[in-house]
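In what follows, a structure is listed as C-alpha cells, so that the remarks can point back to it.
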Amino acid sequence: MNILFIGDVYGKNGRNVVKKFLEDNLDEYDFVIANLENASHGKGLTKANFLEMIEAGIDVATLGNHYYAKKEIETYINDYDFLLRPANLHSSIAGHGTDVFETNNLKIRVTNLLGRVFIAENPNNPFDVLNEICKNDKSDVHIVDFHAEASGEKQALAWAFDGKVSAVLGTHTHVQTNDLRLLKNGTLYITDVGMCGPYNGILGASREEVITKSWTGKPTVFGVQNDDENIFSAVSFVIDEETKKIIEYKKIYQIYKESRK
C-alpha cells in the first residue's frame, strides 16, 4: 500500500498545486492525507475549500492551531469523519482528532495532534492523549500528524512512540526538513513535511507584508503571496500489507510554474 501525506496547504495557490499534483499522480497512491489548516486564504478552512480538496483526491484532512480561524468550521466538522482537528484540544471543541479508515483490507488510523511549545492555544498534553489512543488501538497502521513548532518536541514524541505508531510526521513550520528516517523500532519520522503554496513567499505569505512586520514591528495581516511558482511538499511511504511495516519512503519537493497570459 502506497500512502501520500501532504504538508500544510496554503491558500488558493496551495490548493491549485495539490490539485495539479494529484491530477498527474493520484493513481500511484492508495490513501492520501493532507493538512488543510491554512487552505483558505492562508488561515483556516472553509467548507467549500474542504470539499474541493476531497474532490481532488484527498481521503483524510487534518488541521492545526488555525482550526478555528474560519468559524464556520463548527457548522460542518461533525458531518465528516475524515476531517480531523487536533485530538488534544478541549473536549468541548467541535470535531474529533483520531479515526480509523479501511483501505485495501487494512485499518489505517490517522491521529492529529497539536504541540504545546510556542503554541498559544494551550492544548492538552499530546503525549498523554496519544498514549490513551494507542492503548485501545486495533488498527494495522497508525499515522500521526504532529502539528508543532519546536523540533525537539516533535522528536521527543516520535521517539516516545517509536514502534507504537507507524509514522510521526511533523507539520506547521512550512519548511521541509532533511531528516526523514525510520527510527530504531520502525516508526517513520520527519520534523516537518513542508508546505504547498507560493514558492517565493515567506512561508507562503506576502513577502512585503512579512518584511514590514519583521522590520518595523507594525501590526500586519499577512496575505498570500501572489506568485506564478508554487511548491508541492509531501512524504510518501509504502506499507507491506502482510507485516504492516513501512518498507519504502521518500520526500517529495516539486516546484510548479503556472502559465499566466
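The opening position of the sequence shown corresponds to residue 4 in the working numbering, with each subsequent residue numbered one higher. Beta carbons are placed, not taken as given, at the ideal position from N, Cα and C, and that holds for glycine.
Exercise for the section: Thinking L191 and I255 are a contact (beta carbons under 8 Å), I'd like their distance in whole angstroms, please. Expected result: Locating residue 191 in the sequence shown gives position 188, where the first residue counts as 1. Locating residue 255 in the sequence shown gives position 252, where the first residue counts as 1. Incorrect: roughly 14 Å between the Cβ atoms, too far for contact.
Practice task
May I have the straight-line CA-CA distance separating G85 from A151, to the nearest angstrom?
Solution key: The residue given as residue 85 occupies position 82 in the sequence shown. The residue given as residue 151 occupies position 148 in the sequence shown. The question names Gly, but residue 85 in the sequence shown is Phe. Taking the straight line from one Cα to the other gives about 21 Å.
Problem - Beta-carbon contacts of D140 that lie in its chain and below 7 Å, excluding the five residues immediately before and after - result: Against the sequence shown, residue 140 aligns to sequence position 137. Counting only Cβ-Cβ distances below 7 Å, and skipping sequence neighbours, we find R112.
Problem - K264 - DSSP class collapsed to helix/strand/coil - result: The sequence position of residue 264 within the sequence shown is 261, counting from 1. Any reading at K264 is ruled out, since the residue's pLDDT is 43, under 50, leaving its predicted position unreliable.
Practice task
Tell me the start and end of each unbroken alpha helix (DSSP H) in the stretch 173 to 256 that is at least 4 residues and wholly inside, in chain order.
Solution key: 210 to 219
Problem - Delimiting residues of the beta strand (DSSP E) encompassing I36 - result: Position 33 of the sequence shown holds residue 36. Looking at the DSSP string, the run of the beta strand (DSSP E) that includes I36 is 34 to 38.
Problem - D11 classed as buried or exposed, judged by whether at least 16 other C-beta atoms fall within 10 angstroms - result: Against the sequence shown, residue 11 aligns to sequence position 8. Per the 10 Å Cβ criterion, buried.
Problem - Backbone secondary structure at T49 - three-state DSSP - result: Here residue 49 refers to the residue found at position 46 of the sequence shown. Here T49 sits in coil by DSSP.
Exercise for the section: Mind listing, in chain order, the continuous alpha helix (DSSP H) runs of no fewer than 4 residues lying wholly within the stretch 121 to 159? Expected result: 129 to 138
Exercise for the section: Decide yes or no for the touch test of the stretch 197 to 212 against the stretch 143 to 159: beta carbon pairs closer than 8 Å, at least 3 of them. Expected result: no
Problem - Terminal residues of the beta strand (DSSP E) in which R119 lies - result: What you label residue 119 is simply residue 116 of the sequence shown in a count that begins at 1. Neither: R119 is in no beta strand (DSSP E) and is coded neither H nor E.
Practice task
Determine, using beta-carbon pairs with one atom in the stretch 26 to 46 and one in the stretch 212 to 220, whether at least three such pairs fall under 8 Å.
Solution key: no
Handout entry: Those residues which DSSP pairs with Y259 across a bridge
Key = Taking the sequence shown and counting its residues from 1, one reaches residue 259 at position 256. N233, per the DSSP bridge assignment.
Exercise for the section: List in chain order: all unbroken alpha helix (DSSP H) runs of 4+ residues lying wholly within the stretch 45 to 89. Expected result: 50 to 59
Handout entry: Status (buried if at least 16 other CB within 10 Å, exposed otherwise) for F121
Key = For the purposes of this step, residue 121 is identified with residue 118 of the sequence shown, where counting begins at 1. F121 comes out exposed.
Practice task
Assign K187 to buried or exposed, taking buried as 16 or more other Cβ atoms, counted over all protein chains shown, within 10 Å of its Cβ.
Solution key: The count along the sequence shown starts at 1 and reaches residue 187 at position 184. The residue in question, K187, is exposed, as its Cβ has fewer than 16 Cβ neighbours within 10 Å.
Exercise for the section: Decide yes or no for the touch test of the stretch 219 to 227 against the stretch 168 to 181: beta carbon pairs closer than 8 Å, at least 3 of them. Expected result: no
Problem - For D102, the first and last residue of its enclosing beta strand (DSSP E) - result: Locating residue 102 in the sequence shown gives position 99, where the first residue counts as 1. Residues 101 to 106.
Handout entry: Beta-bridge partners of F8, as assigned by DSSP
Key = To locate residue 8, count along the sequence shown from 1; it is residue 5. Answer by DSSP bridge pairing, in chain order: I36, V238.
Exercise for the section: Please work out which residues of its chain come closer than 7 Å, Cβ to Cβ, to G166, disregarding the five sequence neighbours upstream and downstream, and give them in chain order. Expected result: Indexing the sequence shown from 1 puts residue 166 at position 163. Excluding positions up to five away in sequence, the list reads N188, G189, T190.
Handout entry: For K167, the three-state DSSP class (helix, strand or coil)
Key = Counted from its first residue, the sequence shown places residue 167 at position 164. Reduced to three states, the DSSP call for K167 is coil.
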